[in-house]
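Protein chains in written order, with the numbering used here: chain V, 274 to 576; chain U, 1382 to 1593.
Beta carbons: idealized from backbone N, C-alpha and C, even for Gly.
These numbers were taken from a predicted model, which means no experiment stands behind them.
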Amino acid sequence: MIIGPLLTLLLVLAVAPALPGLATRTRALLTGRRGAPVLQLYRDLARLFRKNVVYSRSTTAVFRIGPVVVIATVLAAAALLPLDGHAALLSFSGDLVAFTGLLGLGRFALVLAGLDTGSSFEGMGASREVTVSAFAEPALFLCLTVLVLATGELSLAGMLGERLAAVWPGAAPSLVLAAAALFMLALAETSRVPVDDPATHLELTMIHEVIVLDHSGPELGMILFGNAVKLALFGALVTGVLVPLGQLPRWLTPVVLLAGLGVVAVGVGIVESCMARLRMNRVPQFLVAASALAVFGVILLLR
Amino acid sequence: MTGLHELLLLCVVLTNFWVLGTTRLSSTIRATAIQGMLLALLPIALHPSWSAHTLGLAGGTFLVKTVILPSFLAWAIREAAVRREIEPLIGYSASLALGAAAVALSFGIAQRIPLPESDSTLLIPVALSTVMVGLLVLTTRNKALSQVVGYLVLENGIFVFGLSQVERVPFLVELGVLLDIFVGIFIMGIVVFHINRAFDSLDSTRLTELKD
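So, in structure tokens, the structure goes:
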């Protein structure tokens, strides 16, 4: 029983670093460049994990446990998500709060680590990261509320499992709205373009990149890998909401899941190629729009 | 829940959010044009019997709300050479949140309004929320042109409300309303043009400075 979810989880972890590469490659192709190879992040990770860590003299233990907490929380959150639509590795009633809380904890650790360096740039990035998450988290809860109301289940495994397939025809508009909101959240949570530009080189405009300026070696690798897995988790959420995986035969679900992840990554790339990064004071508006979509989905279900 | 007309009504609400959330004047006008097209499709989706009444209503709505008025407003922007940003009195996030609250409120109210039964349970709440969003845009935006857009959205809400009783309202009355809107927007456009000439700006708060 535990083998299936574990294998799916390992599969998702294995393909996760390809997703940002796929998004970046799509963006490059659409803007007429060749771009980095899709598998670039694997090479980066291999390189980073061979290196040593360099610590700034002003940092403390808070800085050192940051990346570990980031990777641990993301992996724990991944264990809560029923990636293949049948069962999650771990599941209990109300685990959607744990899922959101784990992602929040990871972000909190990252922000603390950034503040611990005492660099003013990283403090600035930390404050922006917290601003973004303050708007993103309510929106995520609203999306999950849509799922709870549609299925009447309180665990992620239940609400994305067989029940979802049964209620899908009736609740389709709400679920599509929730999926759209989740996609917008994926852009914000993994610091992609309309919210943050992963390719920027100017500290003043960075959000996520600036917090990790002082991290090096394997620790930077952990953060990069954590971010890629986060994108995979949100991609799996979007896929799970749009395609009720629970009704498909078991052998087909990993294929559909991988296809869904690919589509989400390409979608991120398309959004990146046709949008400029939003001004910092417009970012909350983007996230409030995501919340408005989710609220509309909730209202349609409450009717 | 998955009928074509319900899908159209949901898209009407989404265009409302679009009007509230966008920062560009031209973008709000595009949103109203798309909303007009959705409204033109609605009578056909609600009454697939293709009577002259519904077809005439759809054709007239499409012509006025999707073709003439948006292109006229776009012309007004070009001629008046206004700044393209909207500059609302309350922020975009706040107006989006208020818009979401308006949708929630109208879904709550709609169930308590005693009305003869209509074709779709979504019609009344969508109509109410569109009216509220129109009112919100009308009252919280400074530029005269975005107030015209707010008026259009408000009227679109009334149109949706009228659709719930489409078999009971004579055709001529609806055409008359369409003509009224057309003339109204036309006059507003000309007024906007003159405000711009007199004040070098479309900011309607300047109108309080009128002196003899």
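Contact check, Glu1507/U vs Val1394/U under 8 Å by CB: the rounded distance? It is worth fixing the name first, because residue 1507/U is Val in this sequence and not Glu. In this structure, Val1507/U and Val1394/U form a Cβ contact; the two beta carbons are roughly 6 Å apart against a cut-off of 8 Å.
Distance CB(Phe1398/U)-CB(Gly1531/U) smaller than 8 Å: In this structure, Phe1398/U keeps its C-beta atom at 8 Å or more from the C-beta atom of Gly1531/U.
Starting from the beta carbon of Gly1543/U, find every residue of chain V whose beta carbon is closer than 9 Å, and list them in chain order. Contact of Gly1543/U with chain V by beta-carbon distance below 9 Å is absent, the smallest such distance being about 22 Å.
In whole angstroms, what is the alpha-carbon distance linking Ser546/V and Pro1497/U? Cα to Cα, the separation comes out at about 50 Å.
Taking just the CA atoms, how far does Leu1389/U sit from Met1382/U? Below a pLDDT of 50, predicted positions are generally treated as unreliable, and Met1382/U, at 42, falls in that range; the measurement from the model is reported next regardless. Rounded to the nearest whole angstrom, the C-alpha separation of Met1382/U and Leu1389/U is 12 Å.
Return helix, strand or coil for Pro1469/U, following the three-state DSSP convention. Of the three classes helix, strand and coil, the one that applies to Pro1469/U here is strand, per DSSP.
Is the segment 302-318 of chain V touching the segment 333-341 of chain V in the sense that three or more CB pairs, one from each, lie closer than 8 Å? With a cut-off of 8 Å, the segment 302-318 of chain V and the segment 333-341 of chain V do not count as touching, because too few Cβ pairs lie within range.
Sequence-distant residues of its chain with Cβ nearer than 8 Å to Leu1516/U (five each side left out): Cβ within range, chain order: Gly1531, Leu1535.
Considering only residues of the same chain and omitting the five flanking positions on each side of Leu385/V, which have a CB-CB separation below 6 Å? Within the same chain, Leu385/V has close Cβ partners Val335.
Proximal residues of chain V, C-beta to C-beta of Phe1488/U below 9 Å: The answer, in chain order, is Ile572, Leu573, Leu575, Arg576.
Looking at Phe408/V and Leu560/V, is the spacing between their C-beta atoms short of 8 Å? Cβ distance < 8 Å, so Leu560/V and Phe408/V count as in contact.
Mind the definition here: the segment 1551-1561 of chain U touches the segment 1425-1439 of chain U only if three or more C-beta pairs lie below 8 Å; say whether that holds. At 8 Å Cβ cutoff, the stretches touch.
Comparing the C-beta of Gln558/V with each C-beta of chain A, is any distance below 8 Å? Of the chains in the structure shown, none is chain A; the protein chains are V and U.
Cα-Cα separation, Ala461/V to Val1512/U: As the crow flies, the alpha-carbon of Ala461/V is around 32 Å from that of Val1512/U.
So, Tyr1473/U versus Thr1409/U, is the Cβ gap smaller than 8 Å? No, Cβ-Cβ distance for Tyr1473/U and Thr1409/U is not below 8 Å.
Just to confirm before moving on: does the CB-CB distance between Met432/V and Leu415/V stay below 8 Å? No, the Cβ-Cβ distance between Met432/V and Leu415/V is not below 8 Å.
So, does the segment 389-400 of chain V touch the segment 478-497 of chain V, judging by three or more C-beta pairs under 8 Å? Segment contact: the segment 389-400 of chain V against the segment 478-497 of chain V, three or more CB-CB distances shorter than 8 Å; contact assigned.
Using the Cα positions of Glu240/V and Gly499/V, report the straight-line distance between them to the nearest angstrom. With chain V covering only 274 through 576, there is no way to say anything about residue 240/V.
Within the 8 Å Cβ cut-off, does Met1382/U reach chain V? Unreliable positioning characterises Met1382/U in this predicted model, as indicated by a pLDDT of 42, which lies under 50. The coordinate reading is nonetheless provided below. Yes, its Cβ sits closer than 8 Å to a Cβ of chain V.
Less than 8 Å between the C-beta atoms of Gly358/V and Gly434/V, yes or no? Contact: yes.
Ordered along the chain, which non-local residues of its own chain (more than five positions away) have a Cβ less than 7 Å from that of Ala563/V? Only Ala412, Ala454, Met457, Leu458 meet the Cβ criterion.
If Glu402/V sits next to His481/V, beta carbons under 8 Å apart, how far is it from one beta carbon to the other, in whole angstroms? About 7 Å separates the two Cβ atoms, so the contact holds.
Every unbroken beta strand (DSSP E) inside the segment 1529-1574 of chain U [3 residues or more]: If we require 3 residues or more, the segment 1529-1574 of chain U turns out to have no beta strand (DSSP E) run fully inside it.
Distance, Ala1579/U Cα to Leu504/V Cα: Ala1579/U has its alpha-carbon roughly 54 Å from the corresponding atom of Leu504/V.
On a Cα-Cα basis, can you pick out the residue from Ala1485/U, Thr1521/U, Ala1525/U that is closest to Leu1509/U? Residue nearest to Leu1509/U within the set Ala1485/U, Thr1521/U, Ala1525/U is Ala1485/U (criterion: CA-CA distance).
Taking a contact to mean a Cβ-Cβ separation below 8 Å, would you say Ala361/V touches Pro278/V in this structure? Yes, they are a contact pair.
Tell me the start and end of each unbroken alpha helix (DSSP H) in the segment 423-478 of chain V that is at least 4 residues and wholly inside, in chain order. Listed in chain order, the complete alpha helix (DSSP H) runs (minimum 4 residues) inside the segment 423-478 of chain V are 429-432, 435-462.
Consider the Cβ of Phe569/V: report whether some Cβ of chain U lies at a distance smaller than 8 Å. So yes, Phe569/V belongs to the interface.
By Cβ distance, which residues of its chain are closer than 6 Å to Pro517/V, with the 5 residues on each side in sequence left out? The beta carbon of Pro517/V lies closer than 6 Å to those of Leu437, Ala438, Trp441 in the same chain, with the five residues before and after it left out.
Using beta-carbon positions only, say whether Ala451/V and Val405/V come within less than 8 Å of one another. No, they are not a contact pair.
Whose Cβ in chain V lies nearer than 9 Å to the Cβ of Tyr1532/U? In chain order: nothing, as chain V lies at least about 22 Å away.
Who are the near neighbours of Pro293/V in its chain, counting only those whose CB is closer than 7 Å to its CB and skipping five residues on each side? In chain order, Leu314, Ala501, Leu504 place their CB closer than 7 Å to the CB of Pro293/V, counting only its own chain and leaving out the 5 sequence neighbours on each side.
Please confirm if Ser1408/U has its CB atom under 8 Å from at least one CB of chain V. Chain V has no Cβ within less than 8 Å of the Cβ of Ser1408/U.
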